[in-house]
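As you go down the protein sequences, you meet chains A and B in turn.
Heads up: the first sequence begins at 1 in our numbering, then just goes up one per residue.
Heads up: the second sequence begins at 1 in our numbering, then just goes up one per residue.
Beta carbons: idealized from backbone N, C-alpha and C, even for Gly.
Predicted model only: the values in this text are computed from it and were never measured.
Down below is the structure, laid out as structure tokens.
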Amino acid sequence: MARLFIRRDDLGLRTAMGEALLPMLVGAMSFLAGLAVAGALASGTLARHWQGDTARAVTIQVPANEANAVPAVLAATRATPGMSDVRVLPVAAVDELLKPWLGDDVAALGLPIPIVIAADGPGGDGSALTASLTRVTPGVLVQTGALWAARVAALTASLRACAAAMLVIVAMVAAAMVTLATRAGIAQRHFEIEIIHGLGALDGDIARRFAARAAWLALLGGAGGSLAAGPVLMWLSGLAAPFAGVAPQSAWPGLSPALWFVLPTLPLLAGGIGWATAQVTVRRWLGRLT
Amino acid sequence: MVIFEDVWLRYREPGRTMGPASDVLRAISFEIPDGGFCWLTGPSGAGKTSLLKLIYLAEPPSRGQIEVLGVDAAGLKRRQAAMLRRRIGVVYQDFRLLAHLSVFDNVALPMRLARRAEAHVRADVMEILQWVGLGAKLEAMPAMLSGGEQQRVAIARAVVNRPKLLLADEPTGNLDDEQAERLMRLITALNQLGTTTVVGTHNMNLVARYPAPRLDMAEGRLRLHG
């Protein structure tokens, strides 16, 4: 590793590729990559939470005018295979759920609020349970979390795809920036390159000098971007904590532990992109020399 | 040994691959034996620099066969061409020193490219700089040197790897008579050590002072060989 970076600057690349612009831009890309990776990991956490608890949740609404059917509905529900923890939600709990739409005093409105029965189900769309309960009382309404869980899974998959696309775009933009910086360096040092080419330098000798410089600048930028992403991710994860089912007061609310392994690799990836891109750019340019 | 057989070099205008082309070198044939010394003479624009470029593989010929140090230049892979260039020392008219490197580092460059051990680099570079009279200017930058000193640095860089072939393109063009004389003594001394040497010049007084076989060129053709 030391041989890559502690190299005599024969081509004067510290001057020719000395601007802070490349590390700053790569840093910005690394920052965005950090956000994308965190987003992908967080959506995975969110999906697991929703698919675990929500997919099994079953809610049964019995119309207020059929309240006398509640014991039969409870019995039929308990008799359905896979159903457990079947219970009638207290009126206070139902009022609490309705408060955002109907206000603090739901009872005062005199509305026919249905009786709500909650249970843990086996998953699926609940059609068998619906058919069974409809025979008990026709107005019953069965809702399962499976539909929402499927929607969340689809949303998670699309978020992950977006994050992957963002990472690819970020990598391509970083490579484009390294290409431009390398071309600028070549333009400034073409005379020196031609001299050492004439002295018997291999293409690899010349490309390695540019690649080492580009990799170092990209590594610095990547490190800066990753460091900058840390506090922002902590703030965002605090905002997302309620949706991820963790307490906002926890040390790293909602952030996947995997992120703390991924973030330090971003500078290395940036350095790798810098190295490979500069190698390709310089070797292609050298092709014009005999 | 350098052998040219019916070598032509044709240029088109930059950026064009079709259309009219001009022949810079026409039907060049000659042979320079191992350890030989040869002048390359002719007026400016006669094709001396182009011929030297063909010898150090900076240009491919449009036609003909070139053999340099026993290697057929046609079809050389890039790595092989680079390795052959390491056996050739070139002194350019405009010196071509790297402005951001010291005298020492400029001269050390060919050895470092050849991945010689740094201890050897230091010893050999010191020795060669002493030889060209610049032992006291190791750390000087090229811009701080006179034209003659820069030319001597260029010579030192060309010979530090003990090349089998030394090419010099108008090496005395920017020097006064005294410096030119000193430079020629260095070049002939190298030749006497066994280095095949080709010196391009249009200074016929210099040629007269150092009699040797001559390739005389005019308008891209060899008009005198011997």
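(message) Helix, strand or coil for L215 (chain B)? Go by DSSP, reduced to three states.
(response) Working through the second sequence from its first residue, we reach residue 215 (chain B) at position 215. It is a strand residue.
(message) Residues of chain B with CB closer than 7 Å to the CB of L41 (chain A), please, in chain order.
(response) One-based indexing of the first sequence puts residue 41 (chain A) at position 41. Near L41 (chain A) there are no residues of chain B at all, since even the closest Cβ is about 45 Å away, more than 7 Å.
(request) May I ask you to list the residues that DSSP assigns as paired with L166 (chain B)? (result) Along the second sequence, read from residue 1 onward, the residue named residue 166 (chain B) stands at position 166. DSSP, once it has assigned bridges, lists B:G89 and B:T197 as partnering L166 (chain B).
(message) Just to confirm the assignment, what range does the beta strand (DSSP E) spanning G64 (chain B) have?
(response) Position 64 of the second sequence, counted from the first residue, corresponds to residue 64 (chain B). Start and end: R63 to V68.
(request) Can you give me the start and stop residues for the alpha helix (DSSP H) that L134 (chain B) sits inside? (result) Counting from one through the second sequence, the residue named residue 134 (chain B) turns up at place 134. From DSSP, L134 (chain B) is part of no alpha helix (DSSP H); its letter is neither H nor E.
(request) Compute the Euclidean distance between the alpha carbons of T134 (chain A) and T77 (chain A), then round it to the nearest angstrom. (result) Against the first sequence, residue 134 (chain A) aligns to sequence position 134. Against the first sequence, residue 77 (chain A) aligns to sequence position 77. Whole-angstrom Cα-Cα distance: 11 Å.
(message) Does P264 (chain A) pass the burial test, meaning 16 or more other C-beta atoms within 10 Å, or should it be called exposed?
(response) The residue you call residue 264 (chain A) lines up with position 264 of the first sequence. Result: exposed.
(request) Could you tell me whether the Cβ atoms of I273 (chain A) and A218 (chain A) are closer together than 8 Å? (result) For the purposes of this step, residue 273 (chain A) is identified with residue 273 of the first sequence, where counting begins at 1. For the purposes of this step, residue 218 (chain A) is identified with residue 218 of the first sequence, where counting begins at 1. Their beta carbons are under 8 Å apart, which means I273 (chain A) touches A218 (chain A) by this criterion.
(request) Scan the region 171 to 187 of chain A for residues whose Cβ lies nearer than 7 Å to a Cβ of chain C and list them as they occur along the chain. (result) Absence of chain C from the displayed structure is noted, the protein chains being A and B.
(message) I need the straight-line Cα distance from I3 (chain B) to A140 (chain B), nearest angstrom please.
(response) To locate residue 3 (chain B), count along the second sequence from 1; it is residue 3. To locate residue 140 (chain B), count along the second sequence from 1; it is residue 140. The straight-line gap from Cα to Cα measures roughly 39 Å.
(request) State the Cα-Cα distance for the pair W285 (chain A) and P110 (chain B), rounded to the nearest angstrom. (result) For the purposes of this step, residue 285 (chain A) is identified with residue 285 of the first sequence, where counting begins at 1. For the purposes of this step, residue 110 (chain B) is identified with residue 110 of the second sequence, where counting begins at 1. Their backbone Cα atoms lie some 22 Å apart in a straight line.
(request) Starting from the C-beta of I237 (chain B), find all residues in its chain whose C-beta is less than 6 Å away, skip the five residues before and the five after it, and write them out in chain order. (result) The structure shown does not extend to residue 237 (chain B), since chain B is modelled only from 1 to 226, so the question has no answer here.
(message) Let's test the definition: count the other Cβ atoms within 10 Å of the Cβ of R63 (chain B) and tell me whether it reaches 16, buried, or not, exposed.
(response) Along the second sequence, read from residue 1 onward, the residue named residue 63 (chain B) stands at position 63. Answer is exposed; the Cβ neighbour count stays below 16.
(message) Can you look up R221 (chain B) in the DSSP assignment and give me helix, strand or coil?
(response) Position 221 of the second sequence, counted from the start, is the residue given in the question as residue 221 (chain B). DSSP places R221 (chain B) in strand when its eight states are reduced to three.
(request) Check whether the Cβ atoms of L328 (chain A) and R189 (chain A) sit closer than 8 Å, and answer yes or no. (result) Given that chain A is displayed from residue 1 to residue 290, the structure contains no residue 328 (chain A) and the question cannot be resolved.
(message) By DSSP's criteria, S84 (chain A) is part of a beta bridge. Which residues make up the other side?
(response) Taking the first sequence and counting its residues from 1, the one referred to as residue 84 (chain A) is at position 84. Looking at the DSSP assignment, S84 (chain A) forms a beta bridge with A:D120.
(request) Please decide whether A164 (chain A) counts as near chain B, where near means a Cβ-Cβ distance under 8 Å. (result) Residue 164 (chain A) sits at position 164 when you count from the first residue of the first sequence. No, no contact with chain B.
(message) Rounded to whole angstroms, what is the Cα-Cα separation between F191 (chain A) and P61 (chain B)?
(response) Counting from 1 along the first sequence, the entry for residue 191 (chain A) is found at position 191. Counting from 1 along the second sequence, the entry for residue 61 (chain B) is found at position 61. Their Cα atoms are separated by approximately 23 Å.
(request) State yes or no: is the beta carbon of T281 (chain A) nearer than 8 Å to at least one beta carbon in chain B? (result) Sequence index remark: in the first sequence, residue 281 (chain A) carries index 281 (1-based). No, because no Cβ of chain B sits closer than 8 Å to the Cβ of T281 (chain A).
(request) Using the DSSP secondary-structure output, state which residues sit across from Q143 (chain A) in a beta bridge. (result) The residue labelled residue 143 (chain A) in the question sits at position 143 within the first sequence. A:T59, per the DSSP bridge assignment.
(request) Would you identify the three-state DSSP class for F95 (chain B), choosing helix, strand or coil? (result) Translated into the one-based positions of the second sequence, residue 95 (chain B) becomes position 95. Coil, per DSSP.
(message) How far does the beta strand (DSSP E) with R227 (chain B) in it extend, from its first residue to its last?
(response) Past the boundaries of the shown model lies residue 227 (chain B); chain B is included only from 1 to 226, so the question cannot be answered.
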